[in-house]
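Peer 1: Heads up: take any position in the sequence shown, counting from 1, add 19, and you land on my numbering.
There's a structure below that I have some questions on.
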Amino acid sequence: MVKPKRKNIREERFLKQLGIHLRKIRESKGMTQQELADRIDVEVMQVSRVERGTVNTSICMIKEIADNLNIQLSELFSLFEAN
């Protein structure tokens, strides 16, 4: 029996912080999760998972999110510069 891979604590913390930051930016733009999902052509649950930090999504999807929020990709990661 193969044990499922568990995320380490640092990865979980990173994904949750990124998701919280993403949600704040999206909300500041007056956009719903559904609107963002429609723009990037994914299910709304995928956006929800990213914002809750429960999925480790691709950098390509993060770039698509940034583009559709009209922000630089670096703005999504700016919160981690001091760490």
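Here a beta-carbon is modelled for each residue, glycine too, at the ideal position from N, C-alpha and C.
Taking a contact to mean a Cβ-Cβ separation below 8 Å, would you say L95 touches L55 in this structure?
Peer 2: Result no, Cβ atoms of L95 and L55 do not sit closer than 8 Å.
Peer 1: Can you find the residues in the same chain that come closer than 8 Å, C-beta to C-beta, to V74, ignoring five residues on each side of it along the sequence?
Peer 2: The answer, listed in chain order, is L34, Q65 and R68.
Peer 1: Which residues in the same chain as Q36 place their Cβ atom closer than 8 Å to its Cβ, once the five residues preceding and following it in sequence are excluded?
Peer 2: The answer, listed in chain order, is G72, L98 and F99.
Peer 1: Does the beta-carbon distance from Q52 to V61 come in below 8 Å?
Peer 2: No, these two residues do not count as a Cβ contact at 8 Å.
Peer 1: Excluding the five sequence neighbours on either side, which residues of its own chain have a C-beta within less than 6 Å of the C-beta of E83, listed in chain order?
Peer 2: Contacts found: I59.
Peer 1: Tell me the rounded alpha-carbon separation between I44 and I90.
Peer 2: In a straight line, the C-alpha of I44 is about 9 Å away from that of I90.
Peer 1: Kindly list the residues whose CB is nearer than 6 Å to the CB of R32, restricted to its own chain and excluding five residues on each side of it in sequence; keep chain order.
Peer 2: There are no such residues.
Peer 1: Given a cut-off of 8 Å, decide if L88 and I81 are closer than it, judged by their beta-carbon atoms.
Peer 2: Contact: no.
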